[in-house]
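Below is one structure, written out as structure tokens, with a few remarks after it.
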Amino acid sequence: MEIKIDPEVEVALALPVNQILTYSLRGVDTGGRSDAHMLGMRVLVPLSGRQATAYIINILREKVACPEGREEKKYKIRSILRFLDKGALFHSNMLPFFKWISDYYHYPLGLVIKSALPGGLTQKTVSVIKRGEAPWDEKKLAGLIQEMPDWLQRVCQLGKLSFAESRSLLKESKNRTLLTKLEELGLVQIGQEQVGDSVREKNEICYHLLGLALDIDSLQAELSPETSQIEEFRQSLLSSITGKMLFSEAKTLYYLSYLAHKNNSTDVPRRDLLRLYPGAAKALVYLEERGLVERFQRRVFRNPFGDTLPFFPRIEELSPEQEEACSEIKKTIEGEIFAPFLLYGITGSGKTEVYLRSAEEAIARGRDVLVLVPEIALATQLEAYFVSRFGDLVVLQHSGLKASEKYDQWSLALSGRAKIVIGARSAIFAPLKNVGLILVDEEHDGGFKQDDSFRYNARDLAVLRAKYHSATVVLGSATPSVTSFYHAKSGKYRLLTMKNRIGSRTLPRVRVIDLNTRDKGKKKKGIFQPPLQTALKEVLAQGKQSILLMNRRGFSAIVLCRDCGEIVSCKRCNVSLTLHRHSKKLVCHYCGFSLPEATVCRSCGGANIVPVGFGTERVEEEVQKLLPEARVARLDSDTAGNREHFLKILQKMRDGQIDVLIGTQMIAKGHHFPGVVLVGVVWADGGMSLPDFRAAEKTYQLISQVTGRAGRGDSPGKVFIQTMRPDHYAIAFARNHDYQAFYEHEISLRQNPLFPPFVRLIAFHIRGENEGQVKNSAGNIANFCRRENRDKKLQVDILGPAPAPIDRIKDSYRWQVLIKGSCYEKLHTLCHRVESAGKELLLAKITMIIDVDPENLM
């Protein structure tokens, strides 16, 4: 038996729902769209008494055969409510990519798609507390409550509460109980309202001339506001029109013609015209009625670049190593085949020019280019090179943009007007239709891993997306991740090596300063040891520049009570507060909680609070004391939040207007400052003691990267590394610029016990406000994994449960269970089993996050 169905669509909800749902198109105006055009469109659908946003992922039009022996089910498929957009929000060739991501990272498909879109494109139904239809009765209220809450008074006065306040009140059970009683009396009602998109297109009103054969070229290059000039212009118009021509109308046409000529466009924005002649507003109405001008709207795109980007001319002559790398990449771009490359090039070897030449090849063949960087600071650096080379073909996609700017940049990529997208990890989802080249700069950086509920790795997804598009992907780094270099050694990636700096420049000399050998009889003064102090003074006297790395922001890492020794900690997290002297606050870097600098000890009540340790603010203060005449700047997340300010600091550094630049890891990678001859690593030990199997790798990479900022100009560079562990292998190999030796040492350590790249990892992060329930839930998950592993013979190692190194953040206790194994399929089989049993394993109000290939186990 066959069942005839109305046209139906399969949708993925923009909600934490794993199921794909089916809705009918019965009675829905599709606007004549074909099936292909409906894929990727956003729709509003009914769902359990409310409305939700969903994305069309499949069209069902054929007859469906009912299985033999099974009766036809008597159920009704509900219709979608409406289409939310004029067209698709992503190209249909992205669907297999999204589905793979959803399966691999154990994350709902609808939320994967939502993450790929600019923020603000989700319409939804929300609960709103409104005033009821019954008359307001104080006597009825007196029987329920002794004193009217402020929010209830606002309901009475305003008629309803805001979405945010309603949501906050409905979260608490005591409020819900009271609201239920108030609803029964008819005094309030909880209604449903639709919340629209928070971003939208920006349009402007324009005018253009109709039916006038004006001699525009005869207009003066500069405007003449003289009445005689405009009167002469008016007289010239009378011969080509019927009726009178008022002076104001002639003047409006005069300015309109001038702007059209100046901008080389027949379309003139209304705001530009009124800026020159405010009186045009009234005249335009009459001119439009007479059919002399036409009014229309056009979309304008907000520009996030500003005018602060420097220009970098094209380099005509490449080094032999650059030539070889470009040649190998060009072959695969021409062949339109999937080809993953690892470009291992030391700092200053010219990897950026290889990126640019490769992009030229892809663009010349009509393909699109995607450029990924681990953080906004590097996007800012690279965008200047790409805009210099490709102009308006380049758009940006990263969190440093305003929501409206991000929406416009995304729209340009979706429409095909932009061919190159540069951005941080979220740019991996850029809506480019025909990707031919993906460039991943600083591929080793942990910033490519998302660290919230959707824990994808953009570097890994770059390789996957290139495979789906039959594209070339280039992973570039001076210090490749151990895993990527292993893949290159094993043949999974093609290895391209650039061992020499451009212009035969040498790598800087590196000196390690042992902080354990300072004079014990003398009181320590300052945070710079004498060799670094001397070098800073010499470089300043030479008119050259220095960079100081301190990978911790703030003034001091710890503040403690001198009376009882208690560390001042966050009340919501089990971490110490950091002193920020500039703002005079003690701040938690995890939840944002803060206290005034002049606080008292919560343990003993003492006021003798002293800072211990140091951060970038302290380094800045010490430099200003040591070099009072120096021009000093600081770049960290406290100062770089403003894009314009950040760009100005970089430009000043390039122009030689800064003598000493202090910063965190954001100054260590990618920047080219030819005037820098000295780099000082103030404290190299910060990351080496973390409970992370990648701790040594990250330390080596950070030190090697910042070392590479020195000596990139005509003068040779020098580096000073201050450390308590001068013999640690990460320090020793970084000092000798010997990545190969570091890799061989590190890869041998990861074979016993086994860690990536020899095994895969999946972490279960368990969170909740009740510590006991979090611990018990983690125990349930670990025991379940061990039973499944034993019964199914999966050969997976289960580690834990154990509290996370930082075991409480934002009042949420944190435990974790880690599973590892060499077989990808068996690991994910176990992970799917944990997901299926999740409700039985997790106690009330406890959540679990699945982290595939975790980067951060803190």
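Residue numbers (our numbering): 4 to 861. Glycine included, each C-beta is placed from N, C-alpha and C at the ideal position.
Judged by DSSP in its simplified three-state form, residue 756 adopts coil rather than helix or strand.
Between residue 849 and residue 769, the C-beta spacing is below 8 Å. In this structure the region 365–374 lies against the region 410–428, because at least three pairs of beta carbons, one per stretch, are closer than 8 Å. Judged by DSSP secondary structure, residue 817 falls within the beta strand (DSSP E) whose first and last residues are 815–824. Comparing alpha-carbon positions, the option among 231, 165, 744 and 135 lying closest to residue 191 turns out to be 135. Within the same chain, Cβ atoms closer than 6 Å to the Cβ of residue 699 are found at 733, the five residues on either side in sequence being excluded. Non-local beta-carbon contacts of residue 618 in its own chain, meaning distances under 7 Å to residues more than five positions away in sequence, involve 553, 555, 556, 557, 558, 559, 560 and 581 in chain order. Put simply, of 150, 305, 394 and 24 the residue whose alpha carbon is nearest the alpha carbon of residue 80 is 24. C-alpha of residue 394 to C-alpha of residue 315: approximately 12 Å in a straight line. Under DSSP, residue 89 forms no beta bridge with any residue. In this structure, residue 386 keeps its C-beta atom at 8 Å or more from the C-beta atom of residue 396. Membership of residue 804 in the beta strand (DSSP E) is indicated by the continuous run 800–812.
In this structure, the alpha-carbon of residue 203 lies about 22 Å from that of residue 165.
According to the DSSP assignment, residue 106 belongs to the alpha helix (DSSP H) that extends over 98–107. Around the CB of residue 835, fewer than 16 other CB atoms lie within 10 Å, so the residue is classed as exposed.
Assigned with DSSP and collapsed to three states, residue 706 falls in helix. Assignment of residue 248 by DSSP, reduced to helix, strand and coil, places it in the coil class. By the Cβ test, the region 835–846 is not in contact with the region 801–816, since fewer than three Cβ pairs between them sit closer than 8 Å. Counting C-beta pairs with one atom in each stretch, the region 819–826 and the region 760–769 have three or more that are closer than 8 Å, which means they touch.
The Cβ atoms of residue 345 and residue 483 lie closer than 8 Å to each other. The beta carbon of residue 490 is closer than 6 Å to those of 496 in its chain, skipping five residues each way along the sequence. At the C-beta level, residue 259 and residue 296 come within 8 Å of one another.
Taken in chain order, the whole beta strand (DSSP E) runs of length 3 or more contained in the region 272–352 are 296–303 and 342–348. According to the DSSP assignment, residue 597 belongs to the beta strand (DSSP E) that extends over 597–599. A contact is defined here as three or more CB-CB pairs under 8 Å, and the region 178–195 fails this definition with respect to the region 268–285. Take the alpha-carbon of residue 809 and the one of residue 745: they are about 29 Å apart. DSSP, reduced to helix, strand and coil, places residue 482 outside both helices and strands of the structure shown, so it counts as coil. Per DSSP, reduced to three states, the secondary structure at residue 861 is coil, with no helix or strand assignment. A residue is called buried when at least 16 other Cβ atoms come within 10 angstroms of its Cβ; residue 447 meets this threshold and is buried. In the DSSP assignment, residue 400 falls within the unbroken beta strand (DSSP E) covering 397–400. Around residue 104, the same chain offers 115 as residues with beta carbons nearer than 6 Å, after the five sequence neighbours per side are excluded. In the three-state reduction of the DSSP assignment, residue 495 falls in the coil class, being assigned neither a helical nor a strand state. The residue from 100, 89, 52 and 117 with its alpha-carbon nearest to that of residue 58 is 117. Distances from the CA of residue 739 to each of 325, 349 and 84 were compared; the closest alpha carbon is that of 349. Under DSSP, residue 548 takes part in a beta bridge, and its partners are 679. The alpha-carbon separation between residue 516 and residue 729 amounts to approximately 7 Å.
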